[in-house]
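Written below as structure tokens is the structure these notes are about.
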Amino acid sequence: MIYIIDHQDSFTWNVVHQFSQFDKVHCSDYFDINKKFLNKSDVIVFSPGPGSPKDYPETSKIYKKYKGLKKMIGICLGFQLILYNEGGKIRQQNKIYHGYQSKIKVNGKSKIFKKNKVFNIGRYHSLKLNEPYFSKNLNITMRCTKTNTAMAFEDNLNKIYGFQFHPDSFLTENGNFFIKKILSSK
Amino acid sequence: MIIYKYKDGYKIFTDFSKRIVLNNSNIKKFLNNITKKKFKREQDLYIGFFGYEILCNLLNIRIKNQKKNGFYKGLFYKPETIIDLSKKIKISSTLKNQNFNYRFNQTKILKPFKVNINFKKYKKIFNLFSKKIRAGETYQIKICTKYKNKSEIDPVSFFWKLMSVNSSPESFMIRDKNYSIVSCSPETLIEKKGLCVTTKPIAGTLKKNKNLNKSKALSFFKNNNKETKEHNMIVDMERNDLSKICKPGTVVIKKKKYVEEYKHLYHYVSTIEGMLKNNINLKDIIKSMMPGGSVIGCPKIRTLQLLNSQEKEGRNIFTGSFGFIKFNMDMRFNIIIRSILNYKNVSEISAASGVVLDSSSKKEFSENYIKAKSLLELFK
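Dropping the structure here:
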């Protein structure tokens, strides 16, 4: 089962439908967690949402509790939330991307996606990862071809993954592909 | 009496046998009771509106410290007579003799229009919301301004006058003893037939001129960064709202980013559709789809909270929904925009336009005026 933690976003249910293609999904608000289901789940997904990671201490607690024990995936705010808990600084961008389609490119650090592959993806974010950023296990694996902004990461040791863009958006071409690859990675 | 635009014609609903005033505590019961009713005739439906506040309340969003004029939070009628004014006129009625003996006022303007927030105040809210967008708290937010005068109106003549210049697909009129509404709403929020639910969000409006045609309008929208971004966001948001109540895999964009032509303007529209999950009730549908995303902003909950903290005056019907629910659960609802509400001898016209980072406060403030203009002109 996949547990999706909703940060009261208006895109979360697109994420739910996308993941539902691969497994049973349970979704609840971040302040209304069903602990039994969460414990039983194989994968935890942190949804997009308004604000910044520091606004959601409840979700950070869940992340820390299950790190290394379950596969975890962060999307948009969820992506930032994982990086924030891994010592990253999240800051405002100069140019803001809401409803944009951009190109991103896979770099050599990815173990799941092919190097140099380019994708068209949809973005909804005001904030981004402040760089340079270093982590022992976590690698930035995709970047915006224009601005170089970090757009995806992989921690293949702890099975933690994140997308700054929205695989769930209609602006992302072949969005299901990203989710399928991450869910099937062993 | 209620008139509602229907395809190429109009339907008149009248001879009301019930008038149900909604409030925060009886709305659930009202929706539940419909489930128990039987649909036998065309008149077996409730027609009316949900105001903005009652919809916020369904989402557990409370509105504090707003000036209110005591207008209904929601009101539904059970018609016994429906007159279909299409190519052929058809009357369906439960009554043998229709009686109609109320007297209504002629239009009288007692005091001229005034706008409730001036540019200085508007700019202050605009700048605050721009900051909130930069901080990621909202991605898009729509500020409402209101024009009010003192007047009595004859809504029927207003309505037909309006239809002669702008007969948009979700137009309607309500004339009751103590209030009236005249609207040329263009936007269908929910059209439900059986298990199939369709929504048709509009994001992007272009005024017509001699040099424009439909395909030029389309390329304008496509090449305009602000319109494209706003539209994309609304499409994803409406997909989300439908996904909440629909079976996984059934939510699809039926028609992506096309232009609809009206007498004075072009709209940038998408059509999105889904099939309802089995255990979904009327309240779930209303809660998930209303208030309509395209007139609020995104993400809905946080954006509604921000709006309610800054707007000092109740929205009443504005950005609520008007429509009908048949006793077989089929329904059609619009988003109430471009409307005149006349209550206690005050006419109010509201308009809203969006703050996204590429917009300027001056442009959006005057866009609010442009949106209200065709309604303001009815008083001339």
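Chains A and B, in that order, give the protein sequences.
Those letters in the first sequence? Residues 0 to 185, per numbering that gives the first Met the number 0, in order.
Those letters in the second sequence? Residues 0 to 379, per numbering that gives the first Met the number 0, in order.
Glycine included, every Cβ here is placed at the ideal spot set by N, Cα and C.
Query, Result
"Along the chain, where does the beta strand (DSSP E) containing residue 46 (chain B) start, and where does it finish?", "44-49"
"Is the region 278-294 of chain B touching the region 214-224 of chain B, taking contact as three or more C-beta pairs under 8 angstroms?", "no"
"Where in the region 248-287 of chain B do unbroken runs of the beta strand (DSSP E), each at least 3 residues long, occur, reported from the N-terminal end onward?", "251-260, 264-274"
"Which same chain residues end up closer than 7 angstroms to residue 343 (chain B) when comparing Cβ atoms and leaving out the 5 residues on each side of it in sequence?", "68"
"What span of residues does the beta strand (DSSP E) with residue 56 (chain A) cover, start to end?", "No beta strand (DSSP E) contains residue 56 (chain A), which is instead part of the alpha helix (DSSP H) from 56-65."
"Is the shortest distance between the beta-carbon of residue 301 (chain B) and the beta-carbons of chain A less than 7 angstroms?", "yes"
"Which bits of chain B does residue 11 (chain A) rub up against, with CB to CB less than 8 angstroms?", "239"
"Less than 7 angstroms between the beta carbons of residue 242 (chain B) and residue 12 (chain A), yes or no?", "yes"
"In angstroms, rounded to a whole number, what distance separates the CA positions of residue 84 (chain A) and residue 303 (chain B)?", "29 angstroms"
"Given residue 259 (chain B), which residues of its chain have a CB within under 6 angstroms of its CB, disregarding the five upstream and five downstream residues?", "266, 268"
"So which residues on chain B does residue 56 (chain A) lean against when the C-beta distance must stay under 7 angstroms?", "Chain B residues near residue 56 (chain A): none, gap ~17 angstroms exceeds 7 angstroms."
"Are the beta-carbon atoms belonging to residue 334 (chain B) and residue 186 (chain B) less than 7 angstroms from one another?", "yes"
"Might you give, ordered along the chain, the residues of its own chain that have their beta carbon closer than 8 angstroms to the beta carbon of residue 356 (chain B), omitting 5 neighbours on each side?", "129, 132, 133"
"Curious, which full-length beta strand (DSSP E) runs of at least 3 residues does the region 319-360 of chain B contain?", "320-325, 330-333, 338-342, 345-354"
"Run the CB neighbour count on residue 109 (chain B), radius 10 Å, all protein chains shown included, and call it buried at 16 or more, exposed below.", "exposed"
"Report buried or exposed for residue 122 (chain A), applying the criterion of at least 16 other Cβ atoms within 10 angstroms of its Cβ.", "buried"
"On the three-pair Cβ rule with 8 angstroms, is the region 89-96 of chain B touching the region 21-28 of chain B?", "no"
"Taking Cβ positions, are residue 146 (chain B) and residue 348 (chain B) nearer each other than 7 angstroms?", "yes"
"Could you name the residues of the same chain whose beta carbon sits closer than 7 angstroms to that of residue 364 (chain B), not counting the 5 residues immediately before and after it, in chain order?", "118, 121"
"Examine chain B for any beta-carbon lying closer than 7 angstroms to the beta-carbon of residue 8 (chain A), and answer yes or no.", "yes"
"Can you look up residue 92 (chain B) in the DSSP assignment and give me helix, strand or coil?", "strand"
"With a cut-off of 7 angstroms, does the C-beta of residue 236 (chain B) fall near any C-beta of chain A?", "yes"
"Mind the definition here: the region 201-213 of chain B touches the region 74-91 of chain B only if three or more C-beta pairs lie below 8 angstroms; say whether that holds.", "no"
"Using 6 angstroms as the cut-off, classify the Cβ of residue 278 (chain B) as near or not near the heavy atoms of the ligand FAD, replying yes or no.", "Because no ligand of any kind appears in the structure shown, any question about the ligand FAD cannot be addressed here."
"Along chain A, in chain order, which residues have C-beta atoms closer than 7 angstroms to that of residue 24 (chain B)?", "None at all; the shortest Cβ gap to chain A is about 23 angstroms."
"Buried or exposed for residue 376 (chain B), please, with buried defined as at least 16 other CB atoms from any protein chain shown within 10 angstroms of its CB.", "exposed"
"Who are the neighbours of residue 243 (chain B) on chain A, taking C-beta pairs under 7 angstroms?", "12"
"Closer than 7 angstroms, CB to CB, is residue 377 (chain B) near chain A or not?", "no"
"Is residue 166 (chain A) buried or exposed, if buried means 16 or more other CB atoms sit within 10 Å of its CB?", "buried"
"Where does residue 236 (chain B) fall in DSSP's three states?", "helix"
"When the Cβ atoms of the region 132-146 of chain A are set against those of the region 43-53 of chain A, are three or more pairs found closer than 8 angstroms?", "no"
"Residues of the region 128-141 of chain B in Cβ contact with chain A at a cutoff of 7 angstroms, in chain order, please.", "132, 133, 134, 135, 136, 137, 138, 139"
"Run through chain A and tell me which residues come within less than 7 angstroms of residue 294 (chain B), C-beta to C-beta.", "Neighbours of residue 294 (chain B) on chain A: none; closest Cβ ~14 angstroms, over 7 angstroms."
"Please compile the residues from chain B whose C-beta is within a distance smaller than 7 angstroms of the C-beta of residue 125 (chain A).", "132, 133, 134, 135"
"Taking 6 angstroms as the limit between beta carbons, can you name the residues of its chain near residue 154 (chain A), skipping five residues before and five after?", "136, 137"
"Got a sec, what are the start and stop residues for the alpha helix (DSSP H) residue 7 (chain A) sits in?", "From DSSP, residue 7 (chain A) is part of no alpha helix (DSSP H); its letter is neither H nor E."
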